[in-house]
Structure formats: structure tokens, C-alpha cells
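S.K.: Chains as they are written, first to last, in this note's numbering: chain A, 1 to 344; chain B, 345 to 817.
1) Do residue 668 of chain B and residue 401 of chain B have their beta-carbon atoms positioned less than 8 Å apart in this structure?
2) What do you get for residue 309 of chain A, buried or exposed, if any count of 16 or more other CB atoms within 10 angstroms of its CB means buried?
3) At which residues does the alpha helix (DSSP H) containing residue 506 of chain B begin and terminate?
4) With 8 Å set as the bound, which would you pick, yes or no: does the beta-carbon of residue 460 of chain B sit closer than that to a beta-carbon of chain A?
5) Excluding five sequence neighbours on each side, which residues of the same chain lie with their C-beta closer than 6 Å to the C-beta of residue 280 of chain A?
6) Output the distance between the C-alpha atoms of residue 172 of chain A and residue 50 of chain A, rounded to the nearest integer angstrom.
7) Please name the residue or residues paired with residue 629 of chain B in a DSSP beta bridge.
8) Have a look at residue 546 of chain B and residue 26 of chain A and give me their C-alpha separation to the nearest angstrom.
9) Using C-beta distances below 7 Å, list every residue in its chain close to residue 360 of chain B, excluding the 5 sequence neighbours before and after it, in chain order.
10) If you follow the beta strand (DSSP E) that residue 738 of chain B is part of, which residue opens it and which one closes it?
11) Is the shortest distance between the beta-carbon of residue 291 of chain A and the beta-carbons of chain B less than 8 Å?
12) When you compare the CB of residue 356 of chain B with every CB in chain A, is at least one pair closer than 8 Å?
13) Quick check on residue 303 of chain A: buried or exposed, where buried means 16 or more other Cβ atoms within 10 Å of its Cβ?
14) Name, please, each residue of chain A whose Cβ falls closer than 9 Å to the Cβ of residue 367 of chain B.
15) Around the C-beta of residue 393 of chain B, are 16 or more other C-beta atoms found within 10 angstroms, so that it is buried, or is it exposed?
16) Could you pull the start and end residues of the beta strand (DSSP E) that residue 282 of chain A belongs to?
17) Of the residues that make up the segment 108 to 129 of chain A, which ones have a beta carbon closer than 7 Å to any beta carbon in chain B?
18) So is the beta-carbon of residue 628 of chain B under 7 Å away from any non-hydrogen atom of the ligand PLP?
19) Give me the chain B residues within the contact set of residue 50 of chain A, using Cβ-Cβ distance strictly less than 9 Å, ordered along the chain.
20) Helix, strand or coil: which one does DSSP assign to residue 309 of chain A?
21) Any beta carbon from chain B within less than 8 Å of residue 22 of chain A's own beta carbon?
22) Taking 8 Å as the CB-CB cut-off, is residue 574 of chain B touching chain A?
23) In angstroms with no decimal places, state the Cα-to-Cα distance between residue 586 of chain B and residue 467 of chain B.
24) Going by C-alpha distance, which of A:214, A:117, A:24 and A:293 is nearest residue 147 of chain A?
25) Name the residues in the segment 439 to 453 of chain B whose C-beta lies less than 7 Å from a C-beta of chain A; which are they?
26) Pair every Cβ in the segment 593 to 611 of chain B with every Cβ in the segment 658 to 674 of chain B, then say whether three or more of these pairs are closer than 8 Å.
27) What number of angstroms, rounded off, separates the C-alpha of residue 42 of chain A from the C-alpha of residue 36 of chain A?
28) Looking at residue 768 of chain B and residue 95 of chain A, is the spacing between their C-beta atoms short of 8 Å?
29) Would you mind stating whether residue 371 of chain B and residue 539 of chain B have Cβ atoms separated by less than 8 Å?
30) Residue 491 of chain B: which of B:451, B:725 and B:593 sits nearest, CA to CA?
31) Are residue 493 of chain B and residue 523 of chain B touching if we call contact CB-CB under 8 Å?
32) So is residue 631 of chain B buried or exposed if we call it buried at 16+ other beta carbons inside 10 Å?
33) Thinking residue 83 of chain A and residue 757 of chain B are a contact (beta carbons under 8 Å), I'd like their distance in whole angstroms, please.
34) Measuring alpha carbon to alpha carbon, tell me which residue in A:234, A:189, A:75 and A:178 is nearest residue 259 of chain A.
35) Sort B:531, B:355 and B:408 by Cα distance to residue 458 of chain B and report the nearest one.
36) What residue from A:17, A:112 and A:119 has the CA that sits closest to residue 98 of chain A's CA?
Next up, the structure:
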């Protein structure tokens, strides 16, 4: 392992982390809106909720595809081992994403809408749960020998990954609710304030439990947190997250429209930074590090020119799409042919 | 049931199912999005509202098609890791990288502008909308390029070598521009255009047959015929070129496709089996309907050219014969039929039959166009079967065997997800058909508001009633 390869590997650790943040935050609020759609609400509300995502969910989900490709190319070993180890949660997540994704158009087309409304909500919930389980299982460690996964099919079915999943589901619900506060009005917006508060408390509870449990369960992370100078690097993160949480509750209380989403983002970013710090330099603890899994410098440089350089461009045109569809959403946002005043 | 216990076979079946299902959708996205660019340019140039209405009508189909396409593409990317972990670990450096390129350069571009293209008519100026449509179309075609470059590399790996069990890239240029890449990309891209033009022409023909919106759909029908004039013969030529790359680079695959067991002796031509029943155990055909010298002719362009037979390859290096043999023949038959349908249409056009008042008399021709829709999809599926089954027993031709590339998963787990995919995909296909049929039944909205931003009045939303050129039902 030469220094150049390690350096490039670190760059890709950062870039993939960035893609993961983008995916988790952007599709996170999509999935969160989906999860919230399961609870109380008539077909009208569900239609508005789906319309609020209609123009952006596809691009948001595409970050997962970009992330997958980047991980596959930059750290093939991680791609092969992690997906093999997490076969069932990954497949279930895909099934969830399939139902969530087709639901948008099928719900709009269907005469009897309920099944596709449920597919939207249930698909989102399943996908979010599986993503939490995957995250928890990776933190928990994956047994590896000779570059092959040596564990079992059900290894991920442990209390810790399930607890992480609870945190992720409520975290997504928080993002979804605060996103809806920006996009909708009236009764649905009022409900979203309430749901944001509930989700935020539940997420805080789960996050606290995960934070306490992580070092107890996983020695490699404990040694990192409670040694110097690591302790001083990690310490500001929970404090900042807590502060953002308080600001979030305050802005929800005051009825601000945009601030709650922004504070939720900060909570997510802090959690993420904590996660990245805890894992580094491991990609799959306790065996696979950046140095073990990084592709050759030639490949990593080639990927930087082809994918890394494009990141800002992708961000620009994605932002433009958000800009075009800014403002409040209406039920008939994307299906003007269904406008009631028009003959069908 | 042995196969239910064999993880590698179940993983192959799962990949085959998910890939064969997925390919149904992007073929239409690639072609239809290009058609939308054309329509939008025509609309902006001529200001004929019919072009705008056409664009709006076909984008509805595109959106419905895209929703299934996008969700069915995700399993493919992740299956490389879940079911083919040893392949991913060994080949990720090149293969994963290219999938990453596809995601970042092409797929994101498509997704990033799709919303504006579909829902942004009233929100952005005409020029920006055209730009968005162009980016969607460009992204879709670029996506096909990267996927076919990656698949071409699995057929004819170049620019790499094995080192400690990992495939290391020596030259990205050589790997991307591998011997199979140019014909693979072109053949698939033309297949997308060809399928799309028969979908557009077939649906238009259905309206013409039923005398609904006749002048409106005569426009798109004629455009489909014109496109077919160029694309159907070109596709046959590229198909032939693609076949010769196979003959050169993957001789065992070619022999399997042709059911050709015994290498022809020098000075004698190899016969081409029109139909045959392969007997793999005894390394021969049980029976065959053969045409002398033709295999030499089509493979080497000489009557006595040498064509290696399957017996020249050890049994463990031979692909299955039956499936590639018949899939290939079905593909060729279907492709040639589509070209003949094009010629028939041109002949009727020259006879003046493609006019509003005469077109509905062309019942047989119009019905043939409707039938051509499933035929076009069948052609694509058969092509992929030939290509991928013929590559066996290799996942990366000559470098890595398929059986060595499968994740060591419990067979039951793969069987369960295979069943899951099967059930979900059957459901999606049925629902898609119902909604697509309903969309077509409903027909175009000839009173749809013209985009305010793009209309000449520039104020508010212009509403134009069905113009004289477009009779309503």
C-alpha cells in the first residue's frame, strides 16, 4: 500500500461519505413523507404528500445508484462483502424502493387508489427500516476471512441494528415532516408540525440509546471515543446535535416554516460526522480498512475525473430542479389533466 | 429439483429474470425521449400545436414506462454485490467504476431533468424546457453507452490482467474500447430506437385503424415509417458486424449460436443449420436442416472460410447450445420481419395510401404495425438471451467462470428472493399494461393548454381548441 493509494482512498472515503449524506438526507425526506403517509389522512392528503415529491424523488433516489457505483469502483471489496453479508435487508430494501417508486405514477393513474397509497407508505417504511438495519449491522461489524464474508444469512437480526433502524425511521419521518411544513399549507401543515415534534423526540431517544450502546457493544469504537485526542474531536458533535435539537423544537413551537428542516439537517449532519469519525479508517469493522479495500491509484484517479468532478455539476442541476419547483404544492401539481374543472 | 439447491444457478436465474424484465423499459425511454426532443424542436420551429400535443401525449407514456424502468434498474446494480460478490471483488476496479460513471454521468442527468421535462412546461421558458428534454434523452443514450461498454468488456475483456485474484486495469482506453464495444453499443442503441419507433408507429396505427384522431396520428405514423426506413436495415447490418466480432473473439459462442459441432476441413465450406436439435452429450445435432457453405459465407464472407466447431473446445468451456441457437434464430426472424414491414409500408405510402381519407382502408398494414410492438420487444429479449447465455460458462469471457463468481449464499435465500422478484414483476407488468391501455384508450388531450412561457402571446395560458388539422373523435 503506497501513500498515494492511501491518500486517494481517503479522498474517496470522504466523497462516498458525502454521497451517502446526500442520499440519506434527500431520499430520507422522501421516505419520511412516505412513512408519515401511513398514519391518518385521507386520499387527498396522501395525494398532496406524493405530489410534493413528484418532481424530485427520482433524482433523490439516484444518489443511491451513484453511491453504489462509486463504492463498487473505489472499494470493490466492501461492495462485495457488505452486500453479500446483508443479502436479505438489501433485497427487502430494494423491494420497498420498487413499491415506493412505482406508487407515484400508479397512484396517479389508478381509479382505486388505496393499494398504491399503501404501497407508497409501506414501501417507504420497509426501505427506511432496512437502511437502518444495514447501517447498524455495518457498525456492529462483519466477519471476514480471505476477502470473503464468513457469517450467516441472519447475522443482522440483532437488537443493535434494529435499534438503529428505529432511529433511522424516526429520523426520516422528522425530515419528511419538516419538508412537508415547507411544501404544504392548512391542516396537513399543522399535522406535520405535530408529527415533526413526535418524530424528533423519538429520534432523540433512539439516538441517545444508540450512542450509549455503541461503545458498550463495540470495543473498536469505544477505544476511539474515549482516548485522547479522539475524545475532544467527538465531543463537540453530540453537543452540537443537542443544540440543533433544541433550536428545532423552538422553531417548531414558533411555527417557522423553513428553520425546522434546516435544524433537522444539522442534527443529521452531526450524527453523520460522528459515524464517519467512529468508523474511520475502517469501512467494514473489524476487518476491512480503507487501505485493504481501495482500488489502484489509477482507478481512483480515473474515477475522480469521471465522477468526483461531476459532483458539483450534479449538485447544480439538481438544485435548479428544486428551484423550478419551489413553493407550495397542490394536489394536482403534476397531473394537470386530472384537474377537476377539466372534462376527463 | 437440483436447481433449487444450486445457489449459482438460482443467482443466474434471478439475474436473468431481473435483467430481462428491466431491459423492457429503457429501450423505450431511450428512443421515446429522442422522439420527444424531435417533437419539441418541430413544435418550436413550426408552432403547429399538434407537435406540442404529441409531445404531451407521448410523455405520459414515457413517464409510466420510466417509473417501472427506474425501480427495476436498481436491483441489477446491487445484485452484482449481493449475488456475485466474488465477481464484484475481482472486477470492481473496472466494472464498478463504469457503473459509477453510468450513474453519475448519465442516470443522474436523466433524473435531474426529468421533472422539468414532464412537469415544467408552465414553469420554465421554452428554450430551457427543450434543454431539459435534450438532457433526459442524452442521459438515457449515454447510459446505454456505459452499460454496453461494461457488458462488452465482459464479452471481450481487454486492457486488464489478473493479479492476486484481482483484475487490475492496465489501460482504461483499451478496456472501455474493448473489441466488442462499438458493435455492442450501436446494436443496442439501434434496438432502442427500433423498438421505440414500432411502439410509436404501432400505437398510432391502432388509432388510425379505429379512425380516432386520424390526421393527428398519421403524423406520428409517417414519422415512424420514415425512421424505420433508416433504422431497420441499418440494424441488420450492425447485427451482422456484431456477429463477426463474436466469430473472431468468442468462437465457442458463435459455434453454439450456430449449432456447429465439427470444424469444416480446409477447402470445404461449413453448412449453416436453419433448424437443428443439438445433442450436447454426443457433441452433434440429432437432426438439422442445413444449407451448404452458408455458415462460412456469413461468418467469414468466403464460401470455404474456416469456422471452428464446438468439438474443438473442451466440454467445460462450451456454452449451452439450444437456447442461444433458437434465441438467435428468433431474433433474426423478427428483425427481418420488421424490415419487411417497413418495405411494405413504404410501398403503400408510394401508392398514396398514407393519406387521412385512405389510411383506414389499410387494415392489414395497420394491424401488422400493432403486432410489431410485441415483436420488437421479443427481438430485444432474444438478442440478450443469445448474448448472455452464449457467453457461458464465463462471467468474464476466458477470465472468470460464472460458477466461481457467485456469492456463497444459502440456496433457499436466493430461491425466496427470486420468487419475490417474479411475483412483483408479474404484478408490475400487469398494472403497467392496464394503465398504458387506459392511457391509450383515453387518447391525446387536444385541448391541452399551450405553455404560457412558450406561446407567442406571452401572457397567461393560451388555450387552443382542436385545430382544423386535428379532428376530434
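All C-beta atoms, glycine included, are put in the ideal place defined by N, C-alpha and C.
M.R.: In short:
1) With contacts defined as CB atoms closer than 8 Å, residue 401 of chain B and residue 668 of chain B fail to qualify as a contacting pair.
2) Exposed.
3) Looking at the DSSP string, residue 506 of chain B is not in any alpha helix (DSSP H); the run it does join, the beta strand (DSSP E), is 504 to 507.
4) For residue 460 of chain B, the answer is yes, since a Cβ of chain A falls inside 8 Å of its Cβ.
5) Residues of the same chain with their beta carbon placed closer than 6 Å to that of residue 280 of chain A are lacking, with the five preceding and five following residues left out of the count.
6) Approximately 15 Å, taken between the alpha carbons.
7) In the DSSP assignment, residue 629 of chain B forms a beta bridge with B:622.
8) Distance between the alpha carbons of residue 546 of chain B and residue 26 of chain A: 39 Å.
9) Nothing meets the Cβ criterion.
10) Unbroken beta strand (DSSP E) run through residue 738 of chain B: 738 to 740.
11) Judged by the 8 Å Cβ criterion, residue 291 of chain A is not in contact with chain B.
12) Interface flag for residue 356 of chain B against chain A is unset, since no Cβ pair is found closer than 8 Å.
13) Burial call: buried.
14) At a beta-carbon threshold of 9 Å, none of the residues of chain A lie near residue 367 of chain B; the nearest stands roughly 16 Å away.
15) That one is buried.
16) If you look at residue 282 of chain A, you'll find it in the beta strand (DSSP E) that goes 282 to 284.
17) Close to chain B, meaning a Cβ-Cβ distance shorter than 7 Å, are the following residues of the segment 108 to 129 of chain A: 109.
18) Of ligands this structure carries none, so the ligand PLP is not represented either.
19) One finds nothing in chain B with a Cβ atom closer than 9 Å to the Cβ of residue 50 of chain A; even the nearest lies about 12 Å away.
20) Here residue 309 of chain A sits in coil by DSSP.
21) For residue 22 of chain A, not one C-beta of chain B is nearer than 8 Å to its own C-beta.
22) Interface with chain A (8 Å Cβ-Cβ cutoff): residue 574 of chain B is excluded.
23) About 45 Å.
24) Comparing Cα positions, the closest option is A:293.
25) Result list: 440, 441, 443, 444, 445, 446, 447, 448, 449, 451 and 452.
26) The segment 593 to 611 of chain B vs the segment 658 to 674 of chain B: in contact.
27) So the two alpha carbons sit approximately 12 Å from each other.
28) Cβ distance < 8 Å, so residue 95 of chain A and residue 768 of chain B count as in contact.
29) Yes, the Cβ-Cβ distance between residue 371 of chain B and residue 539 of chain B is below 8 Å.
30) Among B:451, B:725 and B:593, the Cα nearest to that of residue 491 of chain B belongs to B:451.
31) Taking 8 Å as the Cβ cut-off, residue 493 of chain B and residue 523 of chain B do not qualify as a contacting pair.
32) Classification for residue 631 of chain B: exposed.
33) Contact flag wrong, Cβ pair sits at about 13 Å.
34) Nearest neighbour of residue 259 of chain A by Cα position, chosen from A:234, A:189, A:75 and A:178, turns out to be A:178.
35) With distances taken between Cα atoms, residue 458 of chain B lies closest to B:408.
36) Looking at the Cα atoms, A:119 is the closest of the given residues.
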